[in-house]
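Engineer: Position one of the sequence shown corresponds to residue 1468 (our numbering), numbered consecutively onward. Below is a structure I'd like to ask you about.
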Amino acid sequence: MAPELIVQATEAKAKAESLATERAKDLQLLQEENNRLRNEIKILQEYKEKAHRELCRVRDEQKTIGKIKVNTEL
């Protein structure tokens, strides 16, 4: 009976180690994907900030042009 238990324990240990290795690979893939998505979010936030600054610049430019038109009409 003891040799069977040793075989079963050895098989269970090997299976657990294999599963742990598989889970470690899964975790690594998830971490890499997470980092990729964080970088993508950072790039999109930078793009959004640039677009907002450009929008504000154009808006302010249009306000200035509007004031110039009003002043020339007087």
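For every residue, glycine included, the Cβ atom is placed at its ideal position computed from N, Cα and C.
Excluding five sequence neighbours on each side, which residues of the same chain lie with their C-beta closer than 7 Å to the C-beta of residue 1478?
Structural biologist: Position 11 of the sequence shown, counted from the first residue, corresponds to residue 1478. Contacts found: none.
Engineer: How big is the Cα-Cα spacing for residue 1487 and residue 1501?
Structural biologist: Position 20 of the sequence shown, counted from the first residue, corresponds to residue 1487. Position 34 of the sequence shown, counted from the first residue, corresponds to residue 1501. Cα to Cα, the separation comes out at about 21 Å.
Engineer: Where residue 1476 and residue 1503 are concerned, what is the direct C-alpha to C-alpha distance, given to the nearest angstrom?
Structural biologist: Numbered from 1 along the sequence shown, position 9 holds the residue referred to as residue 1476. Numbered from 1 along the sequence shown, position 36 holds the residue referred to as residue 1503. For residue 1476 and residue 1503, the distance between alpha carbons rounds to 40 Å.
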